[in-house]
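Numbering (the working numbering), first residue to last: 1 to 168. Glycine is no exception: its CB is placed at the ideal position from the N, C-alpha and C atoms. Heads up: the structure comes next, in structure tokens.
So this is what it looks like as structure tokens:
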């Protein structure tokens with residue numbers, strides 16, 4: 001007897017759900033960007049330290065949560081049935097995209113604080129951002145190992161961010 005995960009309707013439902021989730025995630029990101037622009041927040045401009053620090057603290061907190069989500073996903077068994085593996089990969093890609101966007105935001109805000117923060121930290125955040133973007137575009141079969149390395153590097157950078165910014 002075939003398992004429910006072998007049913008073509010299950011695969012169709014999984015694909016439809018992922019399409020809807022992807023569209024909603026994109027719409028939410030656009031909505032947040034529009035809301036920030038209307039509130040006068042321009043991520044490409046240099047901002048005052050009093051404005052940057054609280055936003056940077058939120059971004060670091062969000063990065064920490066996203067890295068934890070990525071790390072938790074690595075604990076899933078590799079022999080999962082195809083629909084479950086597909087959903088896991090999709091969630092990993094969404095979390096990786098979110099982490100990459102947060103790293104870009106953190107990098108821009110660190111530039112507003114430079115030279116009060118170390119050049120090495122700014123460069124490490126930039127490097128990790130580019131590594132995340134490259135991983136998003138890579139269709140290599142070694143994705144879990146590359147994702148694990150990205151998460152490990154991310155935790156190291158997050159720890160340095162917390163130390164240099166005086167976050168708990």
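Cβ separation of residue 175 and residue 132, assumed to be a contact under 8 Å, to the nearest whole Å: The first residue shown for the chain is 1 and the last is 168, placing residue 175 beyond what the model contains.
Let me know the secondary structure DSSP gives residue 138 once reduced to three states. Looking at residue 138 - three-state DSSP - the assignment turns out to be coil, as it is neither helix nor strand.
Identify whether residue 144 lies in helix, strand or coil by the three-state DSSP scheme. Of the three classes helix, strand and coil, the one that applies to residue 144 here is helix, per DSSP.
Short check: CB of residue 161 to CB of residue 147, under 8 Å? Against a cut-off of 8 Å, the Cβ pair of residue 147 and residue 161 comes out as no contact.
Work out the CA separation of residue 22 and residue 37 for me, nearest whole Å. Here the alpha carbon of residue 37 sits roughly 23 Å from the alpha carbon of residue 22.
To which residues of the same chain is residue 59 closer than 8 Å at the C-beta, ignoring the five residues directly before and after it? Correct list, in chain order: 102, 105, 106 and 109.
Between the Cα of residue 49 and those of 117, 71, 90 and 72, spot the shortest distance and give me the residue it belongs to. Comparing Cα-Cα distances from residue 49 to each of 117, 71, 90 and 72, the minimum goes to 117.
Does DSSP classify residue 120 as helix, strand or coil? DSSP places residue 120 in helix when its eight states are reduced to three.
Roughly how many angstroms lie between the CA atoms of residue 57 and residue 24, to the nearest whole one? The alpha-carbon separation between residue 57 and residue 24 amounts to approximately 26 Å.
I need the straight-line Cα distance from residue 34 to residue 26, nearest angstrom please. Approximately 12 Å, taken between the alpha carbons.
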